[in-house]
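Under this note's numbering, the letters of the sequence shown match residues 285 to 727, in that order.
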Amino acid sequence: MAIEQDMASGLSAADRGSVVSRARAGDVAKVALASAIGNTIEYYDFTLYATATALVFNKIFFPTFDPLVGSLAAFATFFMGYCARPLGGLLFGHFGDRVGRKAALLATILIMGLGTVLIGLMPSYDRIGVWAPIGLVTLRLLQGIGIGGEYGGGMVMTVEHAPADRRGFYSALVHVGVPAGFLIPIVLLGVLSAEMSDQVFLSWGWRLPFLFSIVLVGIGLFIRVQISETPAFQRVLREEKRATLPAVEAVRDHGGNVLFGIGAKIAESGLFNIYAVFAITYCVTRLGLPQRTILNGVLVGCALECLTLPLFGLLSDRLGRRPVYIGGMLFQAVLAFPFFLMIDSGQTGLIWLAIALGLAIGHGSVYGAQGAYFSELFPARIRYSGLSLVQQIGPILGGGLSPLIATALLARYGSASSIAIFMTAIALLSAACTLALRPARAG
285 MAIEQDMASG LSAADRGSVV SRARAGDVAK VALASAIGNT IEYYDFTLYA TATALVFNKI
345 FFPTFDPLVG SLAAFATFFM GYCARPLGGL LFGHFGDRVG RKAALLATIL IMGLGTVLIG
405 LMPSYDRIGV WAPIGLVTLR LLQGIGIGGE YGGGMVMTVE HAPADRRGFY SALVHVGVPA
465 GFLIPIVLLG VLSAEMSDQV FLSWGWRLPF LFSIVLVGIG LFIRVQISET PAFQRVLREE
525 KRATLPAVEA VRDHGGNVLF GIGAKIAESG LFNIYAVFAI TYCVTRLGLP QRTILNGVLV
585 GCALECLTLP LFGLLSDRLG RRPVYIGGML FQAVLAFPFF LMIDSGQTGL IWLAIALGLA
645 IGHGSVYGAQ GAYFSELFPA RIRYSGLSLV QQIGPILGGG LSPLIATALL ARYGSASSIA
705 IFMTAIALLS AACTLALRPA RAG
C-alpha cells in the first residue's frame, strides 16, 4: 500500500507507518462505512427537524404568527441547535482525545436519538401553549449537542485508519452518509404527506418519522460497537502524549487553522442549507408550488451527491485538498444568481437542475475534500477537539444563520437577488479563508 511521503499530510511518519501495518483496504472501508452509517443516522435526525421546520413546525408550534413570521420563528429553533453544536464538540472532543474516539461515538448517537424521539412525542401549541415551543427549543439543543460531537469522531476515526494517499476518498465515503441522511426523512415525510390528508399529517402523521429514529439508533449502536480504536490514538496512549486540555491546545498552538477553518466552513454549511432547507420554504410559501415538487428536487440532488462525493474525495487525493475546495467555492459563487433564476421559473425540471447543481457539484466538491483536509490541520493528540471546533462553530455562522438571513432578506427586499448576493459573498469569503489554512506537520 503506497503512502505519500508528504509532511503536509497532517499525520506523522510514525502514524502513517502504524496505519499501513494495521489497516488493510478492506478494514478501512469497513470503518468508513460504519462512520458513514452513523452519519446517516445523525443527519436523519437533524434533517428531519430541518424539513419539519419548513413544512410543519410553523403551524404546530407557532400557529399564532403570520406564515412568514412563523417560518422565521421555526427557523430560529433550527438555529438554536447550531448554537449547541460547539458545546457538543468541546465535550465529546475532550472525551475523544482523552478517553478514545470509539466511546465518544457511542454516546453521540444516544443523545441525538433521544432528542429526536422526544420531539416526536412533544404536544402541540394547542395542547400545552407556550410550553410547546419551549420544549421544542430544549430538545433541539439536545440534538445539537449530539451532532456536535458526532462529526469529529466519525471523521477522525476514518482518517486515522486510512492510508495517506486515500484519505480524501475514504473521508468522502463518510460524508456520503450526510446526503443519505437527508434522503431518508424526505422520502418518509413525502410518502406520509402524500398518503394522508393535510389535517391528519399535521395532527400526528409528521410524528412517525421522529419516533422511527429509535430503530435507527439501535442499528447505529450495533454498528459502532464493532469499530476498533484508531492506531494513531493508541500510539498517543502508549507514548503518554494525551493533551490535558485539547481544545485549549488547539486554539493556542493552531489558532490560525481554527479561525480560518471556521471561515472556510461557513459557506459549505450555509449554502447547503440554502439548497436543501430554505429552498423548500421558498418554493412552497413564495412560489406556491406543491411540496412534492421541491422535495423530489432535493431528493434527486442528495442522491446525485452520494455519487459525486467519493469522486471529489478521490480528486483531492490526486490534485490536493485546497484546489478542489476553492474550486467548489468559486463554482457556488458563480451559481448563486442562476440558481434562483431557475427556481423562480417555476418549472420542475429547472428547479431540480438548480438543486442538483448546488448539491451534487457545488457542495459535493467542497464536502468531498473537506473531511481529510480539515483533519490534517491538527495533530492526533488534539485532532478530535480541533476538528470539532472548526466543524461546529463554522455552521453557526453559516448553516444555522443562512435560512434566517435568507428569510429576512426576502421579507425586507421581496426578491431573491439579495439572497444570491449573500450566497456569492459567503462563498468568496470561505475561498479566501481556505488560502490561509496550513496542514499540521506533526502527528
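Heads up, the beta-carbon is just placed ideally off N, CA and C, and yes, glycines get one too. Computed from a prediction, not measured in an experiment: that's the story for all the values here.
Taking a contact as a CB-CB distance under 8 Å, the pair Val471 and Leu583 counts as one, their CB atoms being some 7 Å apart.
About 5 Å separates the Cβ atoms of Leu332 and Pro493, confirming a contact at the 8 Å cut-off.
In the structure shown, Arg526 adopts coil according to DSSP, grouped into three states. Going by beta carbons, Ser553 and Pro679 fall inside the 8 Å limit.
In the structure shown, Gln631 adopts coil according to DSSP, grouped into three states. Listed in chain order, the non-local C-beta contacts of Phe562 below 6 Å within the same chain comprise Pro687 and Ala690, local neighbours out to five positions each way being set aside. With the rule of 3 Cβ pairs closer than 8 Å, the segment 400-414 does not count as touching the segment 531-549. Nearest in C-alpha terms to Val462, of all of Thr569, Gly652 and Ala720, is Gly652.
The C-alpha of Tyr409 lies about 21 Å from the C-alpha of Met480. Taking Leu598 as the centre and dropping the five residues before and after it, the same chain places the C-beta of Phe453 closer than 6 Å to its C-beta, in chain order. Using a Cβ distance threshold of 8 Å, Arg451 and Val443 count as a contacting pair. When secondary structure is reduced to three states using DSSP, Val414 falls in the coil class, being assigned neither helix nor strand. Taking Ala720 as the centre and dropping the five residues before and after it, the same chain places the C-beta of Phe544 closer than 6 Å to its C-beta, in chain order.
With at least 16 other beta carbons inside 10 angstroms of its own, Gly682 counts as buried. Excluding sequence positions up to five before and after Gly428, its CB lies within less than 6 Å of the CB of Gly365, Ala368 and Arg369, all in the same chain and listed in chain order. Only buried fits Val440, as 16 or more other CB atoms lie within 10 angstroms of its CB. Cβ contact annotation for Ala534 (same chain, cutoff 7 Å, sequence separation greater than five): Val542, Phe662, Ile666, Ser669, Gly670 and Leu673, in chain order. Your pair Leu593 and Gly648 checks out as a contact, with CB atoms roughly 5 Å apart and the cut at 8 Å.
If you check the CB distance, Ala709 and Met613 do not come in under 8 Å.
Counting along the chain, Ile403 sits inside the alpha helix (DSSP H) bounded by residues Arg385 to Leu405. Here Leu614 carries a helix assignment [DSSP, helix/strand/coil].
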